[in-house]
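Everything on this sheet refers to the single structure shown next.
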Amino acid sequence: MPLDGPHSRSFDGSLAYRERATRVLARGVSSSPRASQRPVAVLQERASGCTVVDADGNSYTDYALGYGPLLLGHSPVPVLDAVRTELDRGLRTGGVTAGEAELAERIARCVPSGEVSTFLSSGTEAVQLALRIARAGTGRTRIVKFRGHYHGWTDSMHVANSPGSDALTTDGQDPLASANVICLEWGDLEGLQAVLDDTVAAIITEAAAINAGCFEPEAGFLEGLREATRANGSLLIFDEVITGFRLGLGGAQQRYGVFPDLTVLGKVLGGGLPLSAVTGPRTAMHPVVSGAVLHRGTYNGNPLSVAAGNACLDLLERHAEELYPRMEALGAALAAGIRESAERHGKPFAVNHVGTCLQFFVSERPITRLTDLIGLDKDRILEFSEQLVRRGVITLPRGLMYLSTEHTDADIEATISAFDDALSSLAN
Numbered sequence: 031m032p033l034d035g036p037h038s039r040s041f042d043g044s045l046a047y048r049e050r051a052t053r054v055l056a057r058g059v060s061s062s063p064r065a066s067q068r069p070v071a072v073l074q075e076r077a078s079g080c081t082v083v084d085a086d087g088n089s090y091t092d093y094a095l096g097y098g099p100l101l102l103g104h105s106p107v108p109v110l111d112a113v114r115t116e117l118d119r120g121l122r123t124g125g126v127t128a129g130e131a132e133l134a135e136r137i138a139r140c141v142p143s144g145e146v147s148t149f150l151s152s153g154t155e156a157v158q159l160a161l162r163i164a165r166a167g168t169g170r171t172r173i174v175k176f177r178g179h180y181h182g183w184t185d186s187m188h189v190a191n192s193p194g195s196d197a198l199t200t201d202g203q204d205p206l207a208s209a210n211v212i213c214l215e216w217g218d219l220e221g222l223q224a225v226l227d228d229t230v231a232a233i234i235t236e237a238a239a240i241n242a243g244c245f246e247p248e249a250g251f252l253e254g255l256r257e258a259t260r261a262n263g264s265l266l267i268f269d270e271v272i273t274g275f276r277l278g279l280g281g282a283q284q285r286y287g288v289f290p291d292l293t294v295l296g297k298v299l300g301g302g303l304p305l306s307a308v309t310g311p312r313t314a315m316h317p318v319v320s321g322a323v324l325h326r327g328t329y330n331g332n333p334l335s336v337a338a339g340n341a342c343l344d345l346l347e348r349h350a351e352e353l354y355p356r357m358e359a360l361g362a363a364l365a366a367g368i369r370e371s372a373e374r375h376g377k378p379f380a381v382n383h384v385g386t387c388l389q390f391f392v393s394e395r396p397i398t399r400l401t402d403l404i405g406l407d408k409d410r411i412l413e414f415s416e417q418l419v420r421r422g423v424i425t426l427p428r429g430l431m432y433l434s435t436e437h438t439d440a441d442i443e444a445t446i447s448a449f450d451d452a453l454s455s456l457a458n
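Going left to right, the sequence shown walks through residues 31 to 458 as the numbering used here numbers them.
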């Protein structure tokens, strides 16, 4: 039966799957945020381009895009062909394959600071390796991170995930694991100077805070971080798991012209398959290059993910001058259309936009800084996301949206129309 509500469509297949899955699979999903999708976590049967079809035959324009990796959409022919070719050669899991060096060479060409790389399977793992390299290279132990920035779900970094709070994020975390982590508000150079000393190994930051809601750095802030770390003998780490290859071929560091000692890559890097990397100048990467720092993983640099990554970056390298401006223009048009609709309806709504990333908020006030998120009613965002699902638009449940090379002008127009319809019923 269709779930109650306007614009009802049948979710019987998704509901039936949830009932089955929750008997044997925790919460019926394999990653906690997926359980927050309303009215139910949609059971995706197939996908092509930027379109997802669920178990009930409902079609959606997808702006979740796998939580960011699918910059080329769900079915990029070069990526799928490369993976099929690699499969025909056998799995070769845990072995050395030529694609690894090829992909590292591509990173060196594309990422301004990416001279030497090493591969892992997830962004969380890569962050941990970057921190280990920083501690080994400096002989120091403390790490500075910024509130509201997400750097994976390990106990040491899964803290201060909201501005204004240094709290642990989940039950079961070891509070001692983050004892050497110093938490500051993003943009606070004065506060940074007060804590920088000869115990600080590194500062880690998203160069653009996409994960928290699409915030660009304040003018001079990244430059201030770069200057402060050099003066203190600490390393600067950019977490570009989201922004790498998404905000441009060279990521956020190319966009803002500030180059870190270490960069963490993921998501787009694997072309839709699990792959991450730590990259940086040879001097910064020396602890792992020399073998002093160990990192292990059966699936590190696995041939299928590497093949997908090479195919993805090959396409982006060859067509960057065409693809990135077009995606940014579509993102700008979508943001402008949503803002115009909200203003016309007189609704409490805000939209942030950085390149190929957007975030919407149900809010009476502008959300221009991370600290503006303090006190925001996030349930209203979840409720609005549900209204979009009912109208055939998938976003991350918390309101984050990603553009792909597969979105068209027609998709943007239809999405603005869906927002307009949903906004017309939004309570003030």
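Ideal Cβ placement from N, Cα and C applies to all residues, glycine included.
The model shown is predicted, which means the values in this text are computed figures rather than measured ones.
Contact set for Asp185: own chain, Cβ-Cβ below 6 Å, skip 5 residues either direction: Gln203, Asp204, Ala207
Cβ pair Leu295, Gly274 closer than 8 Å: yes
Residue burial classification, Thr425 (beta-carbon count within 10 angstroms, cutoff 16): buried
Selected residue, minimal CA-CA separation from His179, among Glu215, Leu226, Leu412, Ser61: Glu215
Per-residue burial, Leu222 [other beta carbons within 10 Å of its own, 16 or more giving buried]: buried
Buried/exposed call for Ser151, threshold 16 Cβ in 10 Å: buried
Exposure label - Pro32; buried when at least 16 CB within 10 Å: Note that Pro32 scores a pLDDT of 45, beneath 50, so its modelled location is shaky and nothing firm can be said.
Three-state secondary structure assigned by DSSP to Arg170: coil
Anticipated Cβ contact below 8 Å, Ala77 with Ser105, distance rounded: 7 Å
Reference Glu220; option with closest CA among Glu236, Arg421, Gly254: Gly254
Proximity to Gly280 [Cα-Cα], best of Glu145, Pro396, Val107: Glu145
Closest by C-alpha distance to Thr123, when choosing among Ser434, Leu360, Ser335, Leu346: Ser335
Alpha helix (DSSP H) runs contained entirely in the stretch 314-402, provided each spans 4 or more residues: 333-375
Bridge partner(s) assigned by DSSP for Ser60: DSSP output for Ser60 lists no bridge partner at all.
Residue from Ala138, Glu436, Ala366, Arg119 whose Cα sits closest to the Cα of His383: Ala366
Rounded straight-line distance, which links the Cα of Arg312 to that of Ser320: 10 Å
Complete runs of the alpha helix (DSSP H) confined to the stretch 202-250 [at least 4 residues]: 219-225, 240-243
Close Cβ partners of Asp34 (< 8 Å) along its chain, the five nearest in sequence each way excluded: In this predicted model, Asp34 has a pLDDT of only 44, less than 50, meaning its place in the structure is not dependable enough to derive any value.
Enclosing alpha helix (DSSP H) for Phe414 [first to last residue]: 408-420
Pair within 8 Å by beta-carbon distance, Ser434 and Leu102: yes
Residue of Thr398, Thr445, Leu346 minimising C-alpha distance to Ala139: Residue identity check: residue 139 is Arg in the sequence provided, not Ala. When only C-alpha atoms are compared, the closest one is Leu346.
Inter-residue spacing [alpha-carbon to alpha-carbon] between Arg395 and Glu370: 16 Å
Three-state secondary structure assigned by DSSP to Ser455: coil
Euclidean distance between Cα positions of Val318 and Val174: 21 Å
Start and end residues, beta strand (DSSP E) containing Gln74: 74-78
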